[in-house]
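Residue numbers (the numbering used here): 65 to 218.
Below is one structure; the comments refer to it alone.
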């Protein structure tokens with residue numbers, strides 16, 4: 065009566081053997097790289113000026129043709145007279161394109177490396193305080209929020 069039946073034992077063994085062996089299958093997306101966090105960052109950067117989102121894409125090594133295609137698709141009248149909303153949406157699309165490129169081009173890179181690349185790009189844009197927020201939120205495993213960027217000077 066105290067023995068485990070062979071079927072229960074074999075089921076437990078099968079369940080154990082079906083667990084993924086690599087840690088990449090269990091890899092959790094960094095909170096600052098979630099779509100909602102990137103949307104917040106897009107709002108902050110897109111509101112600065114009309115070229116900040118495009119510049120960020122260049123610093124993140126998004127191909128120039130991709131950036132131009134995203135910008136051209138943003139408005140029928142071109143990118144020179146776009147609204148704030150269009151700039152923010154364009155910046156977000158560029159960030160999501162960058163994030164998706166990791167899956168194809170560098171799938172084994174750790175999340176912290178992606179965060180470092182994002183923070184580096186924002187720093188190179190002259191927004192070191194924004195980059196610090198990204199790094200700090202990542203260290204706390206927290207998503208980016210609009211209030212985290214309130215009062216920044218650079």
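Where a beta carbon is used, it is the ideal one built from N, C-alpha and C, also for glycine.
Only a predicted model underlies this, so the values are computations on that prediction, with no experimental measurement involved.
Quick check on residue i: buried or exposed, where buried means 16 or more other Cβ atoms within 10 Å of its Cβ?
i           : result
residue 119 : buried
residue 191 : buried
residue 216 : exposed
residue 194 : buried
residue 132 : exposed
residue 137 : exposed
residue 107 : buried
residue 170 : exposed
residue 99  : exposed
residue 201 : buried
So residue i is in the alpha helix (DSSP H); what residue range does that whole segment cover?
i           : result
residue 116 : 116 to 123
residue 194 : 192 to 203
residue 182 : 175 to 188
Taking the Cβ atom as the reference point for each residue, do residue i and residue j lie within a distance shorter than 9 Å?
i           : j           : result
residue 102 : residue 185 : no
residue 179 : residue 199 : yes
residue 207 : residue 96  : yes
residue 114 : residue 144 : yes
residue 92  : residue 175 : yes
residue 205 : residue 135 : no
Assuming residue i contacts residue j (C-beta within less than 8 Å), just tell me the rounded distance between them.
i           : j           : result
residue 109 : residue 116 : 5 Å
residue 121 : residue 173 : Their Cβ separation, rounded to whole angstroms, is 18 Å, which puts residue 121 and residue 173 out of contact at 8 Å.
residue 161 : residue 130 : 6 Å
residue 111 : residue 148 : 6 Å
residue 212 : residue 197 : 5 Å
Does DSSP put residue i in a helix, in a strand, or in coil?
i           : result
residue 144 : coil
residue 110 : helix
residue 163 : helix
residue 90  : Residue confidence is low: residue 90 scores 49 on pLDDT, short of 50, so the model does not pin down where it sits. Its coordinate-derived value is still stated next. Here residue 90 sits in helix by DSSP.
residue 130 : helix
residue 102 : helix
residue 155 : helix
residue 283 : As displayed, the chain neither begins before 65 nor continues past 218, which places residue 283 out of reach and without an answer.
residue 216 : coil
residue 135 : helix
Using 8 Å as the cut-off, classify the Cβ of residue i as near or not near the heavy atoms of the ligand GTP, replying yes or no.
i           : result
residue 118 : Among the ligands in the structure shown, none appear at all, so the ligand GTP cannot be discussed.
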